[in-house]
Every structure is written in structure tokens, then in C-alpha cells.
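The letter at position 9 of the sequence shown is residue 33 when you use the working numbering, and the numbering goes up by one with no holes. Notes follow once the structure below has been shown.
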Amino acid sequence: MRRRQNFGPFSEKVHGLLHGADYNPDQWLDRPEILEQDIDLMKQAGMNVMSVGIFSWAKLEPVEGHFEFDWLDQVLDRLHDTGIQVILATPSAARPVWMSRSYPEVLRMDEDRVRHLHGGRQNHCFTSPVYRAKVREIDRRLAERYGTHPAVIAWHVSNEFEGFGCHCPLCQEAFRNWLKKRYHNDLDALNHAWWTSFWSHTYQDWSEIESPSPIGEHEVHGLTLDWHRFVSDQTLDFMLEECRILRDITPELPLTTNFHDFVSLDRGLNYWDFAKALDVISWDNYPYWHAEGRTVAEEAARRAFIHDMNRSFKQGKPFLLMESSPSATNWQEVAKLRRPGMQNLSSIQAVAHGADTVQYFQWRKSLGSSEKFHGAVVDHYASPDTRVFREVAALGRELPAMTDIIGTSVAAEVAIIYDWENAWILGDTQGPRKEGIDYFDTCVRHYKALWDRGVAVDVIDADQDLSGYKLVIAPMLYMIRDGFGAKVEEYVRNGGHFVTTYWSGITDGTDLCFETGRPGPLRKVLGIWSEEIDVLYDSDANHVGGYEARIFCDLIHTEGADTLLTYDEDFYAGGPALTCNRFGKGEAWYIAFRSYDGFLSDFYGDRIRAYGIERALETDLPEGVTATIREDEVRRFCFLQNYSGTKQTVELPYPMQDLLSKDRVQRLVMAPYSYNILS
Ligand code: GAL
Numbered sequence: 025m026r027r028r029q030n031f032g033p034f035s036e037k038v039h040g041l042l043h044g045a046d047y048n049p050d051q052w053l054d055r056p057e058i059l060e061q062d063i064d065l066m067k068q069a070g071m072n073v074m075s076v077g078i079f080s081w082a083k084l085e086p087v088e089g090h091f092e093f094d095w096l097d098q099v100l101d102r103l104h105d106t107g108i109q110v111i112l113a114t115p116s117a118a119r120p121v122w123m124s125r126s127y128p129e130v131l132r133m134d135e136d137r138v139r140h141l142h143g144g145r146q147n148h149c150f151t152s153p154v155y156r157a158k159v160r161e162i163d164r165r166l167a168e169r170y171g172t173h174p175a176v177i178a179w180h181v182s183n184e185f186e187g188f189g190c191h192c193p194l195c196q197e198a199f200r201n202w203l204k205k206r207y208h209n210d211l212d213a214l215n216h217a218w219w220t221s222f223w224s225h226t227y228q229d230w231s232e233i234e235s236p237s238p239i240g241e242h243e244v245h246g247l248t249l250d251w252h253r254f255v256s257d258q259t260l261d262f263m264l265e266e267c268r269i270l271r272d273i274t275p276e277l278p279l280t281t282n283f284h285d286f287v288s289l290d291r292g293l294n295y296w297d298f299a300k301a302l303d304v305i306s307w308d309n310y311p312y313w314h315a316e317g318r319t320v321a322e323e324a325a326r327r328a329f330i331h332d333m334n335r336s337f338k339q340g341k342p343f344l345l346m347e348s349s350p351s352a353t354n355w356q357e358v359a360k361l362r363r364p365g366m367q368n369l370s371s372i373q374a375v376a377h378g379a380d381t382v383q384y385f386q387w388r389k390s391l392g393s394s395e396k397f398h399g400a401v402v403d404h405y406a407s408p409d410t411r412v413f414r415e416v417a418a419l420g421r422e423l424p425a426m427t428d429i430i431g432t433s434v435a436a437e438v439a440i441i442y443d444w445e446n447a448w449i450l451g452d453t454q455g456p457r458k459e460g461i462d463y464f465d466t467c468v469r470h471y472k473a474l475w476d477r478g479v480a481v482d483v484i485d486a487d488q489d490l491s492g493y494k495l496v497i498a499p500m501l502y503m504i505r506d507g508f509g510a511k512v513e514e515y516v517r518n519g520g521h522f523v524t525t526y527w528s529g530i531t532d533g534t535d536l537c538f539e540t541g542r543p544g545p546l547r548k549v550l551g552i553w554s555e556e557i558d559v560l561y562d563s564d565a566n567h568v569g570g571y572e573a574r575i576f577c578d579l580i581h582t583e584g585a586d587t588l589l590t591y592d593e594d595f596y597a598g599g600p601a602l603t604c605n606r607f608g609k610g611e612a613w614y615i616a617f618r619s620y621d622g623f624l625s626d627f628y629g630d631r632i633r634a635y636g637i638e639r640a641l642e643t644d645l646p647e648g649v650t651a652t653i654r655e656d657e658v659r660r661f662c663f664l665q666n667y668s669g670t671k672q673t674v675e676l677p678y679p680m681q682d683l684l685s686k687d688r689v690q691r692l693v694m695a696p697y698s699y700n701i702l703s
């Protein structure tokens, strides 16, 4: 959507790009000198914001009903004195021990119906009335006390709502009520939607319905799908209770919650629903840089995809990079150190895709407990003379030069559909292969062909408006909910270009298979019928016009579409593998096979040229280098990023001003893992 809009800063109190971290002064209350040392180091690192209080409940309410805020008063006052702003968290992501002991119902019950013990954060029940009441109480007190504190610029609601359902009796009851509402109290409708006549699953009474266990192996996929939906809705309902209290007392303070990157695992909650309740989106980005079996550029495309999704949640509104590790994490299988330059390139990538902040987890390493070896700006030996600190401080010195970027956004002409419900059901469904469905990775593979060419992309779900895009790509859209087929038809009829692939249009919104021939509601617009799908072993390949076809080979018939490529081998040799249907003023493409080689790159290269899709720079970028534009009606910034690991030269189509060096440049020699911002 060519939305060249200036969204402005997310809060009136914000005047520059924010640079900060999660800060846990509550771990150091017996050492007052640490706060002073931290403030001094924050200044040296060019920090202007801290996220405070995320897991502090035990220090705020050490004994039930006894609240202690003096320490937080002091921290906020001191930060304010030195010009550091605060994103204040509600502490609902971890609760004090007394609460778990006095009210065991606050603890989550796993799918095997075993209740957690105290000892893990974020392991509570989102239904528990006791937990909700306790959260409302502490939130109310925080809002009343700090809502007008001059340091506080926004609320950080809880921490990383994740999507682990609780299976306790309270949640079972809530699930049944949720189902009654969804199926309008009609148990027959539920039985039909879930196809429970299969293997004697028919329910005679609502009380017989239980949450699925084990979730991934339950036979009734409609039940599993609705359980995912319920967990998402119930978690949202919990968050909304927090939001209501905060909004009532402090209507002027923007609300956010830090989204997890569970999307990369095809798990988690439907954040599209959460986004509606928030004033600004924020997310926690933990890339696997320098990982085995994946190039840095491939990882960069995965990260860019999620950044773009977070920007798309609010139709282009800039988001906050709430967390990112300034060094290695303590939880990745192999926590490799960032190579020089990588840290700041990673931070600038977020800004390039629409972040107005660069924030880290964490400011200072704890001396003990599970995150003591997680990367931090300040190490146990709190010296500013470390590689990590120096690199962070270098970015801190650069960010003020980027103030003008605030509020600008990315104007994408292409959208890729990544749909959460589709991800859940693809994860649970059985067939046609057990492994290797790889929905997220498939979407990213399509995305990367555009990323390589500096084409801006929005990442949306199937419920969003398509009309502003020149090209909409929906890889593996297995589930087609009501209305989507008609929406695509209208979009293409009016001149839109739609691309979808094998394993699309298989089931409806309740996971019942279409009886109208695959790809169901997309059959007409695509002008094809998919009769069967062949799946290949990992080492197998078919061939299609010089490209390899791997894993999925859909056996289709054309019904009006033109065949552009055919299979070379096997009993379906000569059958269509790539088709295009002219429909109204537009085109609908069907890619019947999966490919890991250059096919997607060539295919999208042709589409970009044919549809006149704008690239960030009208020049060929070296491999591993990408370019992104942030702009509004008057400003335009081009971010060049080199993920190749080697030196690269980029010839610009015309001279531009380098925002950081202030030089006018036309030929850029980029060091490994470096960036340039041009205006
Ligand atoms: C995030 C979480 C942080 C911290 C971080 C470590 O998921 O929000 O509190 O634990 O992971 O990488």
C-alpha cells in the first residue's frame, strides 16, 4: 500500500529514537551504589529509556496486601533527573511465592492435568479469578502512583504473552462457555464442525467437552483448532483487563506489550487480535546470527519478515524493538558471539523496517539465576571497556543523527499472507508428510526473493484488506475462511496480482475439507483444479523448466489458466507446474511445486518488472545486501545493509547524502556487517 504517511512519535514525550534496555534495579536494592553506577554507564552508552518493573512483583508486594513503592519512586526519580525515560511494566508475568502458596489456582495446569509448582515465570492461569483480581490491584496501584510521573512514557503490559494454554478446571469451564458462544449454544453445530462422528467422538452434552491432550495428537482437529483459538482469546481477555485499568486511570499513556517471535515456530497467539487493543506494537527480536546451516543473509530475511509483520499489525505505524540481545543469548542451542559490526547492523535492521526504538535485553547481567549468562550491555565486571559496551555506545552516538526518521514508515506494494490460524492447523494436521511442512520457512522463502531486490513487503493475515497492493502472495494457505475466496476474486478482477501455491485451499475455517475440488474457493480465480498431491522424500527431486521441484508436487488440471511450466519427470511429466489465470483486469498464479533453488527468485524478478513494483534502489544489489526505504510525503531514507560477511560495493543510481558521515556518495564500499543510511 503506497502509504507515505508520517505517524509521528508514539508518545508526545518522545523526541528522538529511543535507545534502552530492560532494567532490573530491584535485583540490586541492597547495593545503592549500583544504581548510580548504572546511570553513569547509561549516559556513556547513549541510553535514554529503560523498561522497568517487568518481574518486580515480589519487591512491590513482598507480603500479601503490603506494598512497597519507595524503591521504585527512587529509581524513577533518579532516572528522570538524568533525562532517562521509563517504560513502566505491570508485573503480571511473574508472581511472588506467597501467592502461589496461598492460591494454588493461580498456577497453570499442563495438558496432562498436572499443576505447575512455583518456580517458573509466566506459568499462571489466565482464567483464575484470584490471579486476575491480584493483577488488577497491583496495576491500579502502579497506575495511580506513577501515571503522572514525568519519567514514565508508556505502559509495558505484562511480558511476552505466549500461548501456553492452561488446562485447569476453571479453564475447562471457560473453554466450554467460549464454545457455546461460538456455536450459538448448538451442540449439533459443534459436532458437525468438528466432524465428531469420526471414531465415536460425538458429544451428547457440553460438559463432556475437554481440552485436547496431548494437543498435537488429538484426533479431532476441529477441537484442537478451537482450543488454539480459545487460548488466544482467553489470554487476550486477560490482557484487556490489565489494559482497562491502566486506560481508566492514565488515558494519556500509550499501552504496549512485547510480542514474542513464536511466529518463527508457527506457534503462539493470534497477535492480530492483540494489536487492536494496543496503542503501539513492540516485539522481542532474538536472531540466530552465524547459525549452522543458515547464512546470515537468510537469517536477516527471517528477521525482516517478522519486523514487517509487526509494522503491518498497525497498518504501517512504527513499532518498538523492545528487546534484543546485545550479545549472545543463554538459550540458543549454540550461542555464538556476534561478529564485529553484527550487533549494530541487527539493531539498524529493526529501524530500517519501521522501529522507532532500539532496546536490549538486558541492561546488566544478574549475578545469579537462570539468565546470568545472557547477553547484557553491562557484564558482571561492569566495565565500559568491553567489545559489547563499545559497540552499543557507538550506536548510542549515531542515533541522534536519525531523529528525523521517527514516524516515517515503509510503503509496501507487496503483501505476503502469513496466517496464524493456518499455522496452527498446519501444525496439527496429519498428512501428506509428517515433517517438512515448514509454513513459516516457506513464507520466508517467498519473502527473501523480494528482500534480495530491496522490495518492501507487508506481512498480513488472510483477514486484512488486499485492495491497495499490486501483488499479494499467499503461500500454503491450507485453510480458507469464509469470505476469503470472494475477496481474492474481487481483488484480482480489479487488477490485482495474486500468487498462491500447492497445499492451499484444502479446508474451511473449521478444518472441514472442501467438497468443491481443491483449491476450494480459490479454484475459479486460479482457473485450476488440484486432483492429487505427490510428496517427495528429502533427497528426491522432480524438475520443472530447469528448476528443481522438492517435497511437494501438486498434480493439477487447468480450467482456463495458462500453463507456463510443466513437470519433467515421473508419471505426471508434462502436467502443469506453474499456471497463470487472467481474471478480470488481473492475474492469479499457482505454483504447484516447492523449490529451494533459483525458481522463486526468477519468478518474482519477472513479477516485479511486469507489475512495475518499486525497489528501494533501482540498481542490482550484491548478494547478501539489501535496501529498505522509510519515508513519508516529504522525507525518504534508504537503509543499505550488508549481511554478506564480506566487503561489498554498491553503485547508487544517483548521488545521495550519507546521514551519518554527511558525505555525498554514489559509490559505496561496505565493510562486512555494516550499514549506510542515505537520504
Ligand atoms: C525474552 C523475555 C526476557 C528474557 C529474554 C532472554 O523472551 O521477555 O525477559 O528472558 O527472553 O532472551
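Every residue gets a Cβ at the ideal spot worked out from N, C-alpha and C, and that includes glycine.
Check: Would you decide whether residue 309 is buried or exposed? Buried here means 16 or more other CB atoms lie within 10 Å of its CB.; Outcome: buried
Check: Going residue by residue through the segment 66 to 138, where are the continuous beta strand (DSSP E) segments of at least 3 residues, counting only ones entirely within it?; Outcome: 73 to 76, 109 to 113
Check: Looking at residue 294 and ligand 1, is the gap between the Cβ and the nearest heavy atom below 6 Å?; Outcome: no
Check: Is residue 314 helix, strand or coil when you go by DSSP?; Outcome: coil
Check: Check whether the segment 617 to 626 and the segment 562 to 581 touch, using three or more Cβ-Cβ pairs below 8 Å as the test.; Outcome: yes
Check: Measure the beta-carbon distance from residue 332 to residue 450 and round it to whole angstroms, keeping in mind my assumption that it falls under 8 Å.; Outcome: That belief does not hold up - the Cβ atoms of residue 332 and residue 450 are roughly 21 Å apart, past 8 Å.
Check: Measuring only the C-alpha atoms, how far is residue 117 from residue 646?; Outcome: 44 Å
Check: So, under 8 Å CB-CB, residue 474 and residue 512 are touching, yes? Tell me the CB distance rounded to an integer number of Å.; Outcome: About 20 Å; that fails the 8 Å criterion.
Check: For residue 600, does the count of other Cβ atoms within 10 angstroms reach 16, so buried, or fall short, so exposed?; Outcome: buried
Check: Of all the options 113, 516, 680, which has the alpha carbon lying nearest to the alpha carbon of residue 690?; Outcome: 680
Check: Using CA coordinates, which residue listed in 528, 486, 522, 277 is at the minimum distance from residue 500?; Outcome: 528
Check: Rounded to whole angstroms, what's the CA-CA distance from residue 34 to residue 652? Just pull it up for me.; Outcome: 21 Å
Check: Kindly list the residues whose CB is nearer than 8 Å to the CB of residue 695, restricted to its own chain and excluding five residues on each side of it in sequence; keep chain order.; Outcome: 365, 666, 671
Check: Which two residues bound the contiguous alpha helix (DSSP H) that contains residue 366?; Outcome: 366 to 376
Check: Is it buried or exposed for residue 678, if we count other Cβ within 10 angstroms and need 16 for buried?; Outcome: exposed
Check: So residue 566 and residue 539 are in contact, right, with Cβ under 8 Å, and what is the actual spacing, rounded?; Outcome: That belief does not hold up - the Cβ atoms of residue 566 and residue 539 are roughly 29 Å apart, past 8 Å.
Check: Using the C-alpha atoms, what's the distance from residue 81 back to residue 655?; Outcome: 41 Å
Check: Return yes when the C-beta of residue 357 is under 6 Å from any heavy atom of ligand 1, and no when it is not.; Outcome: no
Check: With burial defined as no fewer than 16 other Cβ atoms inside 10 Å of the residue's Cβ, what is the status of residue 172: buried or exposed?; Outcome: exposed
Check: Heavy atom of ligand 1 less than 6 Å from the Cβ of residue 184, yes or no?; Outcome: yes
Check: Out of curiosity, what's the CA-to-CA distance linking residue 467 and residue 581?; Outcome: 25 Å
Check: Decide if residue 478 is buried, meaning its Cβ has at least 16 other Cβ atoms within 10 Å, or exposed.; Outcome: buried
Check: Tell me whether residue 89 is buried or exposed, calling it buried when 16 or more other Cβ atoms sit within 10 Å of its Cβ.; Outcome: exposed
Check: Would residue 168 be called buried (16 or more neighbouring beta carbons within 10 Å of its own) or exposed?; Outcome: exposed
Check: Examine ligand 1 and report whether any of its heavy atoms sits within less than 6 Å of the Cβ of residue 353.; Outcome: yes
Check: Does ligand 1 have a heavy atom nearer than 6 Å to the CB of residue 298?; Outcome: no
Check: Of the residues 610, 551, 563, 598, which one's Cα is nearest the Cα of residue 584?; Outcome: 551
Check: Let me check you understand the geometry: is the CB of residue 261 closer than 6 Å to at least one non-hydrogen atom of ligand 1?; Outcome: no
Check: According to DSSP, residue 503 sits in a beta bridge with which residue or residues?; Outcome: 531
Check: Using only alpha-carbon positions, find the residue among 570, 607, 606 that is nearest to residue 621.; Outcome: 570
Check: Tell me the rounded alpha-carbon separation between residue 235 and residue 202.; Outcome: 12 Å
Check: Could you name the residues of the same chain whose beta carbon sits closer than 8 Å to that of residue 149, not counting the 5 residues immediately before and after it, in chain order?; Outcome: 129, 130, 131, 132, 133, 155, 190, 192, 194, 195
Check: Tell me whether residue 188 counts as near ligand 1, meaning its Cβ is closer than 6 Å to at least one heavy atom of that ligand.; Outcome: no
Check: By a C-beta neighbour count over all protein chains shown, 10 Å radius and 16 as the cutoff for buried, is residue 518 buried or exposed?; Outcome: exposed
Check: Please report the residue range of the beta strand (DSSP E) in which residue 612 lies.; Outcome: 610 to 615
Check: CB of residue 308 to nearest heavy atom of ligand 1: below 6 Å?; Outcome: yes
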